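Visitor: Protein chains in written order, with the numbering used here: chain A, 2 to 165; chain B, 2 to 165; chain C, 2 to 165; chain D, 2 to 165; chain E, 2 to 165; chain F, 2 to 165; chain G, 2 to 165; chain H, 2 to 165.
Number of protein chains: 8
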Amino acid sequence: MTETAPNVGIVMGSDSDWPFMREAAEVLEEFGLAYEADVVSAHRMPQEMLAYGSQAADRGVQVLIAGAGGAAHLPGMLASVTPLPVIGVPVPLRHLDGMDSLLSIVQMPAGVPVATVAVGASRNAGLLAVRMLAASDEELRAKMTEFQERLKEHAHAKGERLRR
Amino acid sequence: MTETAPNVGIVMGSDSDWPFMREAAEVLEEFGLAYEADVVSAHRMPQEMLAYGSQAADRGVQVLIAGAGGAAHLPGMLASVTPLPVIGVPVPLRHLDGMDSLLSIVQMPAGVPVATVAVGASRNAGLLAVRMLAASDEELRAKMTEFQERLKEHAHAKGERLRR
Amino acid sequence: MTETAPNVGIVMGSDSDWPFMREAAEVLEEFGLAYEADVVSAHRMPQEMLAYGSQAADRGVQVLIAGAGGAAHLPGMLASVTPLPVIGVPVPLRHLDGMDSLLSIVQMPAGVPVATVAVGASRNAGLLAVRMLAASDEELRAKMTEFQERLKEHAHAKGERLRR
Amino acid sequence: MTETAPNVGIVMGSDSDWPFMREAAEVLEEFGLAYEADVVSAHRMPQEMLAYGSQAADRGVQVLIAGAGGAAHLPGMLASVTPLPVIGVPVPLRHLDGMDSLLSIVQMPAGVPVATVAVGASRNAGLLAVRMLAASDEELRAKMTEFQERLKEHAHAKGERLRR
Amino acid sequence: MTETAPNVGIVMGSDSDWPFMREAAEVLEEFGLAYEADVVSAHRMPQEMLAYGSQAADRGVQVLIAGAGGAAHLPGMLASVTPLPVIGVPVPLRHLDGMDSLLSIVQMPAGVPVATVAVGASRNAGLLAVRMLAASDEELRAKMTEFQERLKEHAHAKGERLRR
Amino acid sequence: MTETAPNVGIVMGSDSDWPFMREAAEVLEEFGLAYEADVVSAHRMPQEMLAYGSQAADRGVQVLIAGAGGAAHLPGMLASVTPLPVIGVPVPLRHLDGMDSLLSIVQMPAGVPVATVAVGASRNAGLLAVRMLAASDEELRAKMTEFQERLKEHAHAKGERLRR
Amino acid sequence: MTETAPNVGIVMGSDSDWPFMREAAEVLEEFGLAYEADVVSAHRMPQEMLAYGSQAADRGVQVLIAGAGGAAHLPGMLASVTPLPVIGVPVPLRHLDGMDSLLSIVQMPAGVPVATVAVGASRNAGLLAVRMLAASDEELRAKMTEFQERLKEHAHAKGERLRR
Amino acid sequence: MTETAPNVGIVMGSDSDWPFMREAAEVLEEFGLAYEADVVSAHRMPQEMLAYGSQAADRGVQVLIAGAGGAAHLPGMLASVTPLPVIGVPVPLRHLDGMDSLLSIVQMPAGVPVATVAVGASRNAGLLAVRMLAASDEELRAKMTEFQERLKEHAHAKGERLRR
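The structure is reproduced here in structure tokens:
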């Protein structure tokens with residue numbers, strides 16, 4: 002594991018998903034974490050997808066984030082070849098409003114969990130990755146606590162505006 | 002392709018699914034088609050699963066039938082590595098009544114279709130495999146036509162019993 | 002069966018569905034397969050619909066693709082009168098987002114399967130027809146393998162663009 | 002139209018549905034209406050099914066009741082070949098709790114309506130047939146009014162028992 | 002019952018529903034049937050709603066059509082006070098796509114059926130009313146048969162355009 | 002309003018619902034509130050149902066609780082004729098698991114709200130009635146606070162058992 | 002409890018919800034009831050949220066209205082710390098059409114009810130608050146009765162416009 | 002943080018959930034991780050629940066697992082007061098098959114993610130906690146890799162039994 006290995010791998014089935022998945026990357030940057038982003042399609046390049054997943058831990062990646070829609074197999078397949086925690090983001094497609102994506106990602110069989118976040122919640126996927134890494138990193142945990150403090154302050158400010 | 006290569010590969014995630022998937026095998030036997038049955042778990046043995054899928058056509062298998070439940074990735078992952086038609090059977094698990102299995106199997110992305118049958122319809126999966134093979138086999142098609150004739154006769158007999 | 006009989010029949014309930022179902026036709030052309038397209042409405046011309054279905058095999062058609070929405074009866078009714086494999090495409094209508102179309106097509110009773118693809122997936126219906134025909138046609142299967150290779154290359158190119 | 006032609010045709014896909022559909026027959030008997038019951042399977046005997054539907058009106062039948070489950074095509078297909086009102090009863094199968102049956106029956110396209118009742122409501126199908134016939138039959142309408150009066154009295158009696 | 006009593010009463014909860022429910026009226030006019038249209042709100046004028054329903058039969062109305070959305074009580078409440086057949090049209094509101102309207106209308110308890118049509122299917126509600134009246138009116142039934150013949154011809158013409 | 006007028010009216014469509022709705026009554030008794038229970042069927046005795054609803058406030062009743070299943074019209078219809086708050090309890094029937102009951106009760110149109118509780122939650126309906134009355138009754142509010150204190154103590158005791 | 006304490010507290014997770022929740026406030030003003038509006042986020046300021054809820058009754062607030070979307074925890078958490086009735090408004094978010102919000106609010110466990118209104122029904126939440134307060138306030142109840150009378154008159158006027 | 006602080010806190014709303022949540026504990030034991038189990042009810046002891054959540058990190062706990070059903074607020078509320086990763090297990094209750102629990106847990110707002118696993122998947126919650134801790138612990142990651150190896154071997158053995 003080199004010093005420069007990214008902490009988090011963000012993968013998706015197509016580069017057209019990047020504007021959507023970028024929110025995960027941005028939140029990692031806010032917390033000073035390194036990431037890599039790649040197109041890893043479960044259905045169009047399955048062997049490379051498995052290779053990506055099975056090598057990620059040895060390359061020093063600590064958490065994987067995978068966005069997928071419809072019969073969203075990417076998060077679950079990655080989880081089957083890596084010991085790393087995999088965060089799945091259900092991407093809503095044109096029909097069914099992401100319900101198919103959600104069920105395809107979250108309903109994993111015993112033995113191979115995927116940490117699923119809300120439909121379309123790529124920013125929360127990034128925050129969940131931060132929390133996972135912060136579980137063993139007091140400095141990062143302090144940053145998360147500060148982040149939560151700022152969430153609270155913003156909510157307070159909104160309340161003040163409303164009460165005025 | 003050897004003479005003895007089975008026409009259809011029937012795969013599932015666990016041998017406990019066999020009592021359920023056996024109905025597909027039985028219907029193939031009724032039509033005189035050879036099959037092989039195997040445990041090929043997308044989540045517990047992903048590399049072997051891909052190997053099974055990518056070698057099936059070269060071994061002479063013509064159609065794959067895959068039963069899966071929940072985040073049912075097996076049919077779709079096989080379809081991504083084989084040029085053969087893959088039939089997916091949504092297996093109903095303890096919760097959600099197979100709706101998760103159905104959506105995870107049928108909602109495949111452009112480029113990689115899975116031929117999905119009804120929730121729990123392993124027998125129909127076998128019959129669909131027969132129809133696929135019969136598309137290029139007049140003798141087999143004649144058998145399917147006879148089979149449909151018998152379905153009709155049974156329905157007639159039921160009507161007679163009811164009208165009596 | 003004449004040499005010139007189309008391999009695939011693509012049918013739909015109205016010519017207004019053609020812009021949608023055309024994607025199935027286009028993919029067949031890419032694979033050098035002949036098709037015919039027709040309006041065959043289960044509810045507005047039921048006898049002709051059954052006639053179309055029951056004669057298709059004798060005319061040399063090998064696979065049927067049927068698009069239908071709402072109480073989508075066309076694929077299932079065709080499947081009841083032909084020994085050919087029938088591919089059903091759930092067409093999303095103004096309400097319920099195609100969930101009614103999907104369930105009406107996929108939940109067929111024992112004895113009469115329909116090979117169902119994703120909501121709105123007419124292109125995948127064409128690809129599934131190719132796979133069915135390729136099950137007994139090595140040349141066509143090689144083309145499908147090449148097609149899958151190109152899918153992979155496109156996905157790779159997308160990954161490169163993203164990593165840059 | 003002969004005097005003895007039954008008013009209502011009750012059809013279903015299998016004689017095993019009779020214990021369920023019998024409730025429709027019983028309510029017709031209570032109202033002194035004649036009925037016939039038959040097995041008419043949309044998927045196993047499609048031509049006979051269409052023949053049944055297209056001849057029903059000429060035989061003097063006035064209303065059709067059809068029970069069906071899953072991809073429940075029977076009511077809609079009958080409606081496409083008869084000018085008579087067709088009442089559809091969604092039969093709940095082992096999975097999906099009748100939601101597939103309901104949507105497959107009720108979501109008919111413009112031009113061909115099916116009068117749909119609740120999941121499993123075969124008795125209400127019979128009562129709806131009575132109301133349809135009573136629309137042009139004052140005597141029958143008076144019976145329906147009496148029936149509704151008795152429903153009210155039973156409800157009153159239940160209230161008294163509870164208040165005691 | 003006077004000669005001039007309308008055959009069908011079309012009711013809805015607000016005059017803003019009229020552009021939507023008008024399709025039912027138009028189809029009745031095509032068949033030469035008289036109708037009346039009124040605002041009868043189950044929740045804003047419940048007593049008048051019940052009065053409307055309980056007097057309809059005595060005024061000579063033969064069928065009621067009621068459009069309603071959300072917790073759509075109008076069709077069911079009318080059915081509880083009239084012996085006439087009541088046709089319910091589930092109106093889709095801003096949320097839930099008409100699924101709430103559909104279930105609220107169709108899932109009536111034993112004793113009081115509502116003839117439910119598809120979400121938003123006001124035209125089919127009119128056609129169902131015609132079929133109900135045609136059950137005892139050979140002339141009207143002949144018109145319905147002609148109407149179905151025209152549906153078929155239109156479908157044929159569409160097929161010709163497509164095949165060209 | 003007499004001293005002896007019950008605070009809460011608990012109504013349901015059949016006395017067979019009493020074992021289920023009794024939980025609402027029991028909780029009222031725990032809080033020393035008077036109730037009356039009655040069978041008031043929206044569909045079998047609509048006029049009496051409206052009479053019950055429109056007289057309840059004048060008789061001194063302060064809150065209505067109504068349990069209903071399927072096309073559950075009772076709570077909404079009562080709310081349309083009374084200025085009192087109406088609490089609706091979605092009763093799960095044999096099919097659809099109470100989802101139809103929930104949507105039929107909660108999705109009321111603007112102007113006529115129903116206070117809806119969880120599927121099958123008759124006990125919570127009673128507790129909600131207590132809270133409504135406690136809004137203007139400090140003594141009752143104190144009892145509710147004590148009740149909540151006891152809920153907490155029970156939860157604590159459970160925690161202790163688990164930690165042992 | 003001071004004379005000037007507002008009767009109703011209207012809370013929401015962000016000031017951006019105010020245009021939506023304002024409808025609840027407006028209806029309270031129509032009935033001459035005082036309210037306060039505040040941003041109280043369950044997830045961004047949980048301690049303050051609990052503080053708000055647990056102090057509301059002592060400050061003289063009589064009813065709480067809480068709007069929330071997605072995993073909508075605000076109404077239920079407030080209900081767990083106050084003896085006051087809490088009205089929950091399911092706010093529809095970009096995906097799932099408010100179904101997640103509805104289930105998260107209404108499906109409360111035994112002991113802690115939330116009075117749930119329709120998806121997006123902030124105006125009805127205000128009207129429900131009025132009814133709750135009117136349960137112990139004859140003057141307010143008279144106003145509600147008048148309000149319902151006006152609803153009826155408006156509906157009548159609509160009917161007249163339609164019948165013209 | 003003391004040496005003996007448990008790595009994982011497993012919490013639930015009632016000790017009756019323990020037989021269900023114990024599967025999470027067992028898997029932690031298999032991996033040699035320490036855990037604590039407690040009853041922490043969001044709705045019955047909200048202040049203690051928040052106290053538990055906000056102190057967990059300082060006590061040295063690294064991951065929280067929370068099981069909850071219906072309007073399942075526990076995981077989300079804990080996530081709002083801790084910087085630790087929170088794993089939510091949707092518990093299926095008597096109605097709605099866990100769909101309410103799933104949506105209430107997974108659909109968290111931006112800023113506060115919950116790592117959601119499948120309906121009823123308490124064992125997978127334990128495995129996900131292991132993966133999270135293994136992200137920064139090579140030894141633990143090696144154990145997870147071994148665990149996945151054993152999953153594969155078991156699947157192989159099942160295949161052999163089936164092929165025999």
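We treat Cβ as the ideally placed atom computed from N, Cα and C, and that holds for glycine. Please read these numbers as outputs of a predicted model, since none were measured by experiment.
(1) Check D101/D in the structure and name its three-state DSSP category.
(2) Can a CB atom of chain F be found closer than 7 Å to the CB of T3/G?
(3) In this structure, does DSSP put E150/E in helix, strand or coil?
(4) From this set, L152/H, A80/H, E139/H and L94/H, which residue's C-alpha is nearest D59/A's C-alpha?
(5) Could you tell me if P20/D is buried or exposed, where buried requires 16 or more neighbouring beta carbons within 10 angstroms of its beta carbon?
(6) Given a cut-off of 7 Å on the beta-carbon distance, is the pair N8/C and Q56/C in contact?
(7) Whether or not the segment 91–104 of chain F and the segment 128–138 of chain F are in contact is what I'm after, with contact meaning three or more pairs of Cβ atoms, one per stretch, closer than 8 Å; do they touch?
(8) Quick one: residues in its chain with C-beta nearer than 6 Å to the C-beta of V28/A, no 5 flanking neighbours on either side, listed in chain order?
(9) Which of the three DSSP states, helix, strand or coil, is assigned to D59/E?
(10) With a threshold of 7 Å between beta-carbons, can G99/G be considered close to chain F, or not?
(11) Would you kindly report the start and end of the unbroken alpha helix (DSSP H) that includes A26/H?
(12) When you compare only the Cα positions, how much space is there between V1/F and I66/F?
(13) Counting only Cβ pairs nearer than 7 Å, list the residues of chain A close to R142/H.
(14) For R151/A, go through chain B and note every residue whose CB falls closer than 8 Å to its CB, in chain order.
(15) Since M78/E and P47/F should fall inside the 8 Å C-beta cutoff, what is the C-beta to C-beta distance between them, to a whole number of angstroms?
(16) Can you find a C-beta in chain D that's less than 7 Å from the C-beta of P198/B?
(17) Find the residues of chain B that neighbour S15/D, judging by a C-beta separation of less than 7 Å, and give them in chain order.
(18) What residues in its chain sit with their C-beta under 8 Å from that of D16/H, if we drop five residues either side in the sequence?
(19) By alpha-carbon positions, which one of Y36/H, E150/H and H74/H ends up nearest to V45/H?
(20) Examine chain H for any beta-carbon lying closer than 7 Å to the beta-carbon of R23/F, and answer yes or no.
(21) Residues in its own chain within less than 7 Å of I106/E by CB, not counting five upstream and five downstream?
(22) With DSSP collapsed to three states, give me the class of L141/D.
(23) Taking its Cβ as the centre, do 16 or more other Cβ atoms sit within 10 Å of A143/G, making it buried, or is it exposed?
(24) Do you know whose CA, among G112/F, A52/F, L163/F and Y36/F, lies nearest G14/E's CA?
(25) From the DSSP output, in three-state form, read off M109/B for me.
(26) Where G61/C and A6/C are concerned, what is the direct C-alpha to C-alpha distance, given to the nearest angstrom?
(27) Quick one: what's got a C-beta closer than 6 Å to A80/C's C-beta in the same chain, skipping five residues either side?
(28) What does DSSP give as the partner residues of E37/H in its beta bridges?
(29) Near D121/B, what residues of its chain come up, given a Cβ to Cβ distance below 8 Å and the 5 sequence neighbours on each side ignored?
(30) Could you tell me which chain B residues have their CB closer than 9 Å to the CB of R165/D, listed as they occur along the chain?
(31) Whose C-beta lies closer than 8 Å to the C-beta of L85/C among residues of the same chain, with five residues either side of it excluded?
(32) Taking L141/H as the reference, which of F32/H, R23/H, I11/H and D18/H has the closest Cα?
(33) Please list the terminal residues of the continuous alpha helix (DSSP H) segment that includes P1/H.
(34) Would you kindly work out how many angstroms separate the C-alpha atoms of Y36/A and T83/H, rounded to a whole number?
Guide: So, from the data block:
(1) helix
(2) For T3/G, the pLDDT reaches just 42, beneath the cut-off of 50, and the residue's location in the model is therefore unreliable, although a value from the coordinates is still provided. Answer no: the Cβ-Cβ gap between T3/G and chain F never drops below 7 Å.
(3) helix
(4) E139/H
(5) exposed
(6) no
(7) no
(8) R124, G127 and L128
(9) coil
(10) no
(11) W19 to E31
(12) Only positions 2 to 165 of chain F appear in this structure, which leaves residue 1/F out of reach.
(13) A58 and P84
(14) Those within 8 Å of R151/A in chain B number zero; the least Cβ separation is about 35 Å.
(15) 6 Å
(16) For residue 198/B there is no data in the structure shown, the boundaries of chain B being 2 and 165.
(17) K159
(18) V40
(19) According to the sequence as given, residue 45/H is Arg; it is not Val. When each option's Cα is compared against that of R45/H, the closest is H74/H.
(20) no
(21) A69, A73, P76, G77, G89, P91, V115 and T117
(22) helix
(23) exposed
(24) G112/F
(25) coil
(26) 5 Å
(27) V87, V113 and V115
(28) G10/H
(29) One point to set straight first is that residue 121/B is Gly, not Asp, in the sequence displayed. Excluding positions up to five away in sequence, the list reads F21, V90, P91, V92, P93 and G99.
(30) Within 9 Å Cβ-Cβ: nothing; R165/D doesn't reach chain B, min ~42 Å.
(31) A57, A58, V62, Q63, V64 and L65
(32) F32/H
(33) Absent from the structure is residue 1/H, since the part of chain H shown begins at 2 and ends at 165.
(34) 24 Å
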